[in-house]
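Peer 1: Counting from 13, one number per residue, gives the positions in the sequence shown under my numbering.
Here it is, the structure, as structure tokens.
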Amino acid sequence: MADTERRADLVVVGAGIAGLTAALSAAERGLDVIVLNKGASWSPDGAEQSTATFYAQGGIAVVDPGADDDSIALHLSDTLAAGAGLTDAAASEPILSDGWSAVTQLVGRGAEFDSAHGRFLRTREGGHSVRRIIHAGGDATGARVQAALGTAAAESRLRVLDRAWAAQVLTDAGQAVGVSYVHGGVHSVVWAPTVLLATGGVGHVYAATTNPAGATGDGVALALRAGARVADLEFVQFHPTMLFVPGARGRRTLVSEAVRGEGGRLVDVDGSSVTAGVHSLGDLAPRDVVARAVRAAMERTGADHVYLDITGVDDFAARFPTVTAGVRTSGLDVDGGMLPVVPGAHYLCGGVVTDDAGRTGVPGLLVAGETARTGLHGANRLASNSLLEGLVMGRQTAAQAVERASVPIREIGVPALGSAAVLDRSVLQDAMSARVALDRDAAGLAEVAALLATAAPRDRDDLRVAEDASLLLTARAIVAAARARRESRGAHSRADFPERSERAVSRGFALVDDELVVIGERVVADALV
Ligand code: SIN
Numbered sequence: 013m014a015d016t017e018r019r020a021d022l023v024v025v026g027a028g029i030a031g032l033t034a035a036l037s038a039a040e041r042g043l044d045v046i047v048l049n050k051g052a053s054w055s056p057d058g059a060e061q062s063t064a065t066f067y068a069q070g071g072i073a074v075v076d077p078g079a080d081d082d083s084i085a086l087h088l089s090d091t092l093a094a095g096a097g098l099t100d101a102a103a104s105e106p107i108l109s110d111g112w113s114a115v116t117q118l119v120g121r122g123a124e125f126d127s128a129h130g131r132f133l134r135t136r137e138g139g140h141s142v143r144r145i146i147h148a149g150g151d152a153t154g155a156r157v158q159a160a161l162g163t164a165a166a167e168s169r170l171r172v173l174d175r176a177w178a179a180q181v182l183t184d185a186g187q188a189v190g191v192s193y194v195h196g197g198v199h200s201v202v203w204a205p206t207v208l209l210a211t212g213g214v215g216h217v218y219a220a221t222t223n224p225a226g227a228t229g230d231g232v233a234l235a236l237r238a239g240a241r242v243a244d245l246e247f248v249q250f251h252p253t254m255l256f257v258p259g260a261r262g263r264r265t266l267v268s269e270a271v272r273g274e275g276g277r278l279v280d281v282d283g284s285s286v287t288a289g290v291h292s293l294g295d296l297a298p299r300d301v302v303a304r305a306v307r308a309a310m311e312r313t314g315a316d317h318v319y320l321d322i323t324g325v326d327d328f329a330a331r332f333p334t335v336t337a338g339v340r341t342s343g344l345d346v347d348g349g350m351l352p353v354v355p356g357a358h359y360l361c362g363g364v365v366t367d368d369a370g371r372t373g374v375p376g377l378l379v380a381g382e383t384a385r386t387g388l389h390g391a392n393r394l395a396s397n398s399l400l401e402g403l404v405m406g407r408q409t410a411a412q413a414v415e416r417a418s419v420p421i422r423e424i425g426v427p428a429l430g431s432a433a434v435l436d437r438s439v440l441q442d443a444m445s446a447r448v449a450l451d452r453d454a455a456g457l458a459e460v461a462a463l464l465a466t467a468a469p470r471d472r473d474d475l476r477v478a479e480d481a482s483l484l485l486t487a488r489a490i491v492a493a494a495r496a497r498r499e500s501r502g503a504h505s506r507a508d509f510p511e512r513s514e515r516a517v518s519r520g521f522a523l524v525d526d527e528l529v530v531i532g533e534r535v536v537a538d539a540l541v
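Okay, here's the thing in structure tokens:
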């Protein structure tokens, strides 16, 4: 039995762009909403922030209806090209089309984007054929968006519980009825007809990542345990330019792709271009292509990094204050014009399978943002499509919650926190980084699967253990998906299966008797793409 019980129309797990947009939209429509935020109360001054939204630099990819060089069709075509055949065009078009309206609403909630002469300034990132990325504070887009949403939440009737971690999605007869969580050491419950998971990504499955410390795959694990399906988890996107600091683990500074959009160039330690002859878009090729070119340059030269030459970027520190601050905090400086960078774990392109309203196969359980697999990102997300998706799908899930507000639920007995299998976090991260990162093969995947199977149960009574349990289940799901995909596509590269298959298949997995089993395969595209 839980120690305290609350009731709401909607319980949102996560306080980034998708979670807060959903919560605010639902509250504006009269719903009683509770937000469970694993991190500390949002504060602009915190040294470490808890949402990936805060750390987003480049911006939001959105078609300005007034731009004569851009259109939804062009944005879709860039998204499909980056997605390497696995992006679902039918699912993506409405998300891209709703972008401008969602951004306009965000501006109404207080977000200010960099502008001149009454128009948003636009930059360019990898895979985009035109400048369509709007930004705020130079490269502080995510921080400004988080500030606007955090302020709007504080001024609204939302109930936000900070430092509250979700333990379980509660289900009754297959329907979500609430969430059990721990807050201030007390095991508690929110009963609600709609549960939204918007917990962000999985970066800490790896030893070094651009993600905040809380990106431990919680949403994937919660959804799998509740009976939902995940798909395409093998597509973990590595950002080509994470700041390189020898031996550093955990969250590392991202060096935005927009730096290349404004004239930065990738060179190896001998000064040669990293992407020459690799792709017609050069340093602004899709992210998987550039990340692999960086890795190839490192292999060629034997160096443990390449350089981002920023000497061609005008007034770097003013245009990229966030990168500049991160570089300085790491004990480096931008004045020399050469930033050491490596690919780093950045974004989960797959996730919990949802439809166009954020619905999973479990009635009442919705998922949005990085945790979800809507079909937009395919095998390799187009840069800056993620904040866009979080905004748009946040609104969609709020509409769903409104529709479900009067669905009756039964308040079931609440299971104890119990135990869960965990593995030493560094051991898991090192194995995933060595064998399940940019390059994979059958032997390495089998080795990691065997290691993950040695996990032992621990009482799940504190956050660290709960996160370790999420990391383990998420890593198992990534490895299972990577083993099943016997081809190379987008962010997934198999040395033993270097070719791309003719059919682009999205593969779903569910947790059955604690085993990850394939429960659905869907052909997304038939042609060789
Ligand atoms: C970046 O600024 O390079 C990151 C943007 C993104 O991941 O979409």
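Even for Gly, the Cβ is constructed at its ideal location relative to N, Cα and C.
Computed from a predicted structure; not experimentally measured.
In three-state DSSP terms, what is Y193?
Peer 2: For the purposes of this step, residue 193 is taken as residue 181 along the sequence shown, with counting starting at 1. Residue state, collapsed to three classes: strand.
Peer 1: With H, G and I counted as helix, E and B as strand and the rest as coil, what does DSSP make of V290?
Peer 2: Walking along the sequence shown from the start, residue 290 turns up at place 278. Of the three classes helix, strand and coil, the one that applies to V290 here is coil, per DSSP.
Peer 1: Consult DSSP for R544 and reduce its assignment to one of helix, strand or coil.
Peer 2: Absent from the structure is residue 544, since the part of the chain shown begins at 13 and ends at 541.
Peer 1: Do you know offhand how far A235's Cα is from D345's?
Peer 2: Here residue 235 refers to the residue found at position 223 of the sequence shown. Here residue 345 refers to the residue found at position 333 of the sequence shown. One C-alpha to the other measures close to 42 Å.
Peer 1: Taking DSSP's pairing of strands, which residues face I146 in a bridge?
Peer 2: For the purposes of this step, residue 146 is identified with residue 134 of the sequence shown, where counting begins at 1. According to DSSP, which records beta bridges pairwise, I146 is partnered with I72 and R134.
Peer 1: Return yes when the Cβ of S104 is within less than 8 Å of the Cβ of L360, no when it is not.
Peer 2: The residue you call residue 360 lines up with position 348 of the sequence shown. The residue you call residue 104 lines up with position 92 of the sequence shown. No, they are not a contact pair.
Peer 1: Could you check which residue in R18, D76 and Y67 has the C-alpha nearest to that of L48?
Peer 2: In the sequence shown, the residue the question calls residue 48 occupies position 36. Nearest option by C-alpha distance: R18.
Peer 1: Using C-beta distances below 6 Å, list every residue in its chain close to V535, excluding the 5 sequence neighbours before and after it, in chain order.
Peer 2: Within the sequence shown, residue 535 is the residue found at index 523, counting from 1. Result list for V535: R515 and V517, in chain order.
Peer 1: May I ask you to report which of helix, strand or coil DSSP gives P469?
Peer 2: Position 457 of the sequence shown holds residue 469. Note: P469 maps to strand in three-state DSSP.
Peer 1: From V541 to F250, what does the alpha carbon distance come to, in whole angstroms?
Peer 2: Indexing the sequence shown from 1 puts residue 541 at position 529. Indexing the sequence shown from 1 puts residue 250 at position 238. Since pLDDT at V541 reaches only 46, below the 50 mark, its modelled position is unreliable, and the value read off the structure follows with that caveat. Looking at the two C-alpha atoms, the distance is approximately 21 Å.
Peer 1: If I measure Cβ to Cβ from D126 and keep anything under 8 Å in the same chain, skipping five residues before and after, which residues do I get?
Peer 2: Start at 1 with the first residue of the sequence shown, and residue 126 comes out as number 114. Here the set comprises F132, L133, I146, H147, A148, G149 and G150.
Peer 1: Threshold first: 3 residues or longer. Then list the beta strand (DSSP E) segments lying entirely within the region 418 to 493, N to C.
Peer 2: If we require 3 residues or more, the beta strand (DSSP E) runs fully inside the region 418 to 493 come out as 431 to 434 and 468 to 471.
Peer 1: Reducing DSSP to helix, strand and coil, say where D526 ends up.
Peer 2: To locate residue 526, count along the sequence shown from 1; it is residue 514. Looking at D526 - three-state DSSP - the assignment turns out to be coil, as it is neither helix nor strand.
Peer 1: Does DSSP put N392 in a helix, a strand or coil?
Peer 2: Here residue 392 refers to the residue found at position 380 of the sequence shown. If DSSP states are grouped into helix, strand and coil, N392 belongs with coil.
Peer 1: Indicate, with yes or no, if the ligand SIN has a heavy atom lying under 7 Å from the CB of A155.
Peer 2: For the purposes of this step, residue 155 is taken as the residue at position 143 of the sequence shown. A155: no, Cβ never under 7 Å from the ligand SIN.
Peer 1: Taking the continuous beta strand (DSSP E) assigned at L360, which residues delimit it?
Peer 2: Start at 1 with the first residue of the sequence shown, and residue 360 comes out as number 348. Note, L360: beta strand (DSSP E), M350 to L360.
Peer 1: Under 8 Å Cβ to Cβ from L266, same chain only, skipping five residues before and after it: list those, please.
Peer 2: Here the question's residue 266 lines up with position 254 in the sequence shown. Closer than 8 Å at the Cβ level, and outside the excluded window around L266, lie Y67, Q69, T222, H251, T253, M254, L255, V335, G338, G356 and H358.
Peer 1: Look at the Cβ atom of A20, then the Cβ atom of I46, and state whether they are nearer than 8 Å.
Peer 2: Looking up residue 20 in the sequence shown gives position 8. Looking up residue 46 in the sequence shown gives position 34. Result yes, Cβ atoms of A20 and I46 sit closer than 8 Å.
Peer 1: Give the secondary structure of P252 by DSSP, where H, G and I count as helix, E and B as strand, and everything else as coil.
Peer 2: Position 240 of the sequence shown, counted from the first residue, corresponds to residue 252. If DSSP states are grouped into helix, strand and coil, P252 belongs with the strands.
Peer 1: Using the Cβ count rule (16 or more neighbours within 10 Å means buried), how would you classify P298?
Peer 2: Numbered from 1 along the sequence shown, position 286 holds the residue referred to as residue 298. The residue is buried, with at least 16 neighbouring Cβ atoms inside 10 Å.
Peer 1: Quick one: give me the first and last residue of the beta strand (DSSP E) that G363 is part of.
Peer 2: For the purposes of this step, residue 363 is taken as residue 351 along the sequence shown, with counting starting at 1. Here the beta strand (DSSP E) through G363 covers G363 to V365.
Peer 1: For a quick check, are the C-beta atoms of D230 and G51 less than 8 Å apart?
Peer 2: In the sequence shown, the residue the question calls residue 230 occupies position 218. In the sequence shown, the residue the question calls residue 51 occupies position 39. No, Cβ-Cβ distance for D230 and G51 is not below 8 Å.
Peer 1: Rounded to whole angstroms, what is the Cα-Cα separation between R277 and G42?
Peer 2: As a working note, residue 277 is residue 265 in the sequence shown. As a working note, residue 42 is residue 30 in the sequence shown. Distance between the alpha carbons of R277 and G42: 50 Å.
Peer 1: Can you tell me where the beta strand (DSSP E) holding S567 begins and where it ends?
Peer 2: This structure gives no information on residue 567, because the portion of the chain shown stretches from 13 to 541.
Peer 1: Who are D347's beta bridge partners in DSSP?
Peer 2: In the sequence shown, the residue the question calls residue 347 occupies position 335. Per DSSP, none; premise fails for D347.
Peer 1: Using the beta-carbon count (16 or more within 10 Å), is E137 buried or exposed?
Peer 2: Taking the sequence shown and counting its residues from 1, one reaches residue 137 at position 125. Buried, by the Cβ-count rule.
Peer 1: Would you mind stating whether A238 and A478 have Cβ atoms separated by less than 8 Å?
Peer 2: In the sequence shown, residue 238 corresponds to position 226, counting from 1. In the sequence shown, residue 478 corresponds to position 466, counting from 1. Not closer than 8 Å, so no.
Peer 1: Report yes or no: do three or more beta-carbon pairs, one from the region 417 to 426 and one from the region 199 to 207, lie closer than 8 Å?
Peer 2: Output reads yes: the region 199 to 207 touches the region 417 to 426.
Peer 1: With DSSP as the reference, please indicate the residues paired to L400 in a beta bridge.
Peer 2: Position 388 of the sequence shown holds residue 400. Note: L400 sits in no beta bridge, so no partner.
Peer 1: Which of helix, strand or coil does DSSP assign to Q61?
Peer 2: Taking the sequence shown and counting its residues from 1, one reaches residue 61 at position 49. Reduced to three states, the DSSP call for Q61 is coil.
Peer 1: Comparing C-alpha positions only, which one of Y193, V74 and Q61 sits nearest to A159?
Peer 2: Against the sequence shown, residue 159 aligns to sequence position 147. If we check each option's Cα against that of A159, Q61 comes out closest.
Peer 1: Say yes only if the C-beta of S104 is nearer than 7 Å to one or more non-hydrogen atoms of the ligand SIN, and no if none qualify.
Peer 2: Here residue 104 is taken as the residue at index 92 of the sequence shown, counted from 1. Not under cutoff, so the answer is no.
Peer 1: Going by beta-carbon coordinates alone, are A308 and V281 separated by less than 8 Å?
Peer 2: Locating residue 308 in the sequence shown gives position 296, counting from the first residue. Locating residue 281 in the sequence shown gives position 269, counting from the first residue. No, the pair does not count as a contact, with Cβ atoms beyond the cut-off.
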